[in-house]
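If you read the sequence shown in the numbering used here, its first letter stands for residue 4, the second for the next number, and so on.
For every residue, glycine included, the Cβ atom is placed at its ideal position computed from N, Cα and C.
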Amino acid sequence: RIVCRIRRPGDKPAFLDKAFVVNFRRLMELQKVFAVLHELIRSTAIAALTLVAAGDGWQLGYSVLFVTILFALYGFHATLYDTMDITSYTNIATILDDDDGESNGHTIKNPNRLLKALALSRRGRRRRAILTISTFGFLCAAMWSTTIVLWTNTGDVLTKLPKKGEIENFEFYPTLLLIGTLMLLFCMLFEWIYWRETQCVMPPFSAGDGIPFDPQKHGVPRAYRMLGLPCMWFTSKESYDDLRLWITRAQETDTRRRRHRVESSGYGELVSKIHPEEMAVFALNSQGGCQLSNALKHAKLYGSGDHSFLTREVDPFGERCLRPIKRGEDPEELSMRLVFFDSQSGEYYEPDEGVFEGPARLLNRLSSW
Numbered sequence: 004r005i006v007c008r009i010r011r012p013g014d015k016p017a018f019l020d021k022a023f024v025v026n027f028r029r030l031m032e033l034q035k036v037f038a039v040l041h042e043l044i045r046s047t048a049i050a051a052l053t054l055v056a057a058g059d060g061w062q063l064g065y066s067v068l069f070v071t072i073l074f075a076l077y078g079f080h081a082t083l084y085d086t087m088d089i090t091s092y093t094n095i096a097t098i099l100d101d102d103d104g105e106s107n108g109h110t111i112k113n114p115n116r117l118l119k120a121l122a123l124s125r126r127g128r129r130r131r132a133i134l135t136i137s138t139f140g141f142l143c144a145a146m147w148s149t150t151i152v153l154w155t156n157t158g159d160v161l162t163k164l165p166k167k168g169e170i171e172n173f174e175f176y177p178t179l180l181l182i183g184t185l186m187l188l189f190c191m192l193f194e195w196i197y198w199r200e201t202q203c204v205m206p207p208f209s210a211g212d213g214i215p216f217d218p219q220k221h222g223v224p225r226a227y228r229m230l231g232l233p234c235m236w237f238t239s240k241e242s243y244d245d246l247r248l249w250i251t252r253a254q255e256t257d258t259r260r261r262r263h264r265v266e267s268s269g270y271g272e273l274v275s276k277i278h279p280e281e282m283a284v285f286a287l288n289s290q291g292g293c294q295l296s297n298a299l300k301h302a303k304l305y306g307s308g309d310h311s312f313l314t315r316e317v318d319p320f321g322e323r324c325l326r327p328i329k330r331g332e333d334p335e336e337l338s339m340r341l342v343f344f345d346s347q348s349g350e351y352y353e354p355d356e357g358v359f360e361g362p363a364r365l366l367n368r369l370s371s372w
């Protein structure tokens, strides 16, 4: 059963007020691009092992240095690529349980296990990525400068071989340097595509009126006109911050507080970065989309530290804060919509919470026209 929801041209698309939008066609293509880049990076790291040499102390030191750098880059890349593989996310979500509870004499369903299963980056990951790539990039640039100077000074070294094996020594260092440079470029490309495609918070079309940007009506934002819309985005910064707040409280432990949290101006500390790509890939499966839609809509603000449902309020001093709910109050729901965007037709679709099988019944068609 497909339900069509038509809105008049002048109406604001209410389902985009607070939503996580998945550009599913582009996401499927991105998975293929990431798989190719990952294979190139992996193959380059393996190739470095076949080129190492230990003919003298310089060769040994050079080989150890570059192999260490390459595998550091590969480990840094692998932790990011792993978030596109939802096997771990699915297994963790299967083991975890929802934080249901009781209030006012009745049971409260809190489908938040999919939020608790999300991977979190350690604090300052983007700074570490920039620092790592910049450091290795500077090192490669310095080594290439030295190599070019050697090429210039040796000139016709290929025709004048004063010692047996000098040509092998002359080729060894640039070859290994080329492998390291390729590895660095592939990692930089992967990192840039990842941040562009998965870490987007869409700017509002009209900040004063609170109208979210709707590609169906407003076209493509200027920042994305050249390469197209990203794979996924949050329709507002408030949506993204609310999800981080729900995840922070649901995964609240002393260890996570030290490793993953940063200061925030409202409601205490929030996790610095989440991986929405895990949710997006999980939602591509019909059953996963229905479960995630239910979680984003009905997950309650729950503090795992003191095992209580929470609500937001403004204290007498005008500061925003969290407190446990009182008798007679209902816990606050996340109330976020999971929306699929079709880049070919410009239509929106939403998973049906009550349907867990069958692609035909999965989607309700939405329209902002």
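Hey, which unbroken runs of the alpha helix (DSSP H) at 4 residues or more fall wholly within the stretch 115-155? 116-119
Leu187 vs Ile136 beta-carbon contact at 8 Å: yes
Could you compute how far the alpha carbon of His310 sits from the alpha carbon of Arg129? 32 Å
Does DSSP classify Cys324 as helix, strand or coil? strand
Given Glu281, which residues of its chain have a CB within under 7 Å of its CB, disregarding the five upstream and five downstream residues? Thr86, Ile89, Tyr92, Leu121 and Ala122
Work out the CA separation of Ile49 and Leu19 for me, nearest whole Å. 46 Å
In chain order, what residues of the same chain lie with their CB nearer than 6 Å to the CB of Ser124, ignoring the 5 residues before and after it? Lys276
Look up Met235 in the DSSP assignment and give the residues it is bridged to. Val25
With the cut-off set at 8 Å, would you say Leu273 and Thr251 are in Cβ contact? yes
With three or more C-beta pairs closer than 8 Å as the rule, is the stretch 302-317 touching the stretch 111-120? yes
From the DSSP output, in three-state form, read off Lys276 for me. coil
I'd like the span of the alpha helix (DSSP H) that includes Tyr84, first residue to last. Gly60 to Tyr84
Rounded separation between Asn297 and Ala81 - CA only: 31 Å
According to DSSP, simplified to helix, strand and coil, what is Pro193? The sequence as given places Phe at residue 193; Pro does not occur at that position. In the structure shown, Phe193 sits in a helix (DSSP, three-state: H, G or I).
Counting beta carbon pairs with one atom in the stretch 211-224 and one in the stretch 96-112, are three or more of them shorter than 8 Å? no
Give me, in chain order, the residues of the same chain whose beta-carbon lies closer than 6 Å to that of Leu185; leave out the 5 immediate sequence neighbours on both sides. Thr47
Ignore the nearest five residues each way along the sequence and tell me which others in Phe37's own chain have a CB closer than 6 Å to its CB. Met87
Using a Cβ-Cβ cutoff of less than 6 Å, which residues in the same chain neighbour Ile328 once the five nearest sequence positions on both sides are dropped? Phe312, Thr314 and Pro334
Three-state secondary structure assigned by DSSP to Val317: strand
Under a three-way DSSP split, which group does Val36 fall into? helix
Apart from the five residues just before and just after Ser338, which ones in its own chain have a Cβ nearer than 7 Å to its Cβ? Lys21 and Lys300
Taking Cβ positions, are Ala51 and Leu73 nearer each other than 8 Å? yes
Let's see if you can read the secondary structure: which residues bound the beta strand (DSSP E) around Pro206? Here Pro206 belongs to no beta strand (DSSP E), and DSSP marks it neither H nor E.
Using the Cα positions of Cys234 and Pro215, report the straight-line distance between them to the nearest angstrom. 17 Å
Inter-residue spacing [alpha-carbon to alpha-carbon] between Trp236 and Leu341: 11 Å
Tell whether a beta-carbon distance below 8 Å holds between Ala283 and Val39. no
DSSP state of Val284 mapped onto helix, strand, coil: helix
Where does Ser106 sit, in a helix, a strand or coil, going by DSSP? strand
Chain-order list of residues whose beta-carbon lies under 7 Å from that of Ser268 (same chain, five-residue window excluded): Legend: pLDDT at Ser268 = 46, less than 50; position of this residue unreliable, no value from coordinates given.
When you compare the CB positions of Leu287 and Phe27, do they come within less than 8 Å of one another, or not? yes
Assign Ser348 to one of two classes, buried (16 or more other C-beta atoms within 10 Å of its C-beta) or exposed (fewer than that). exposed
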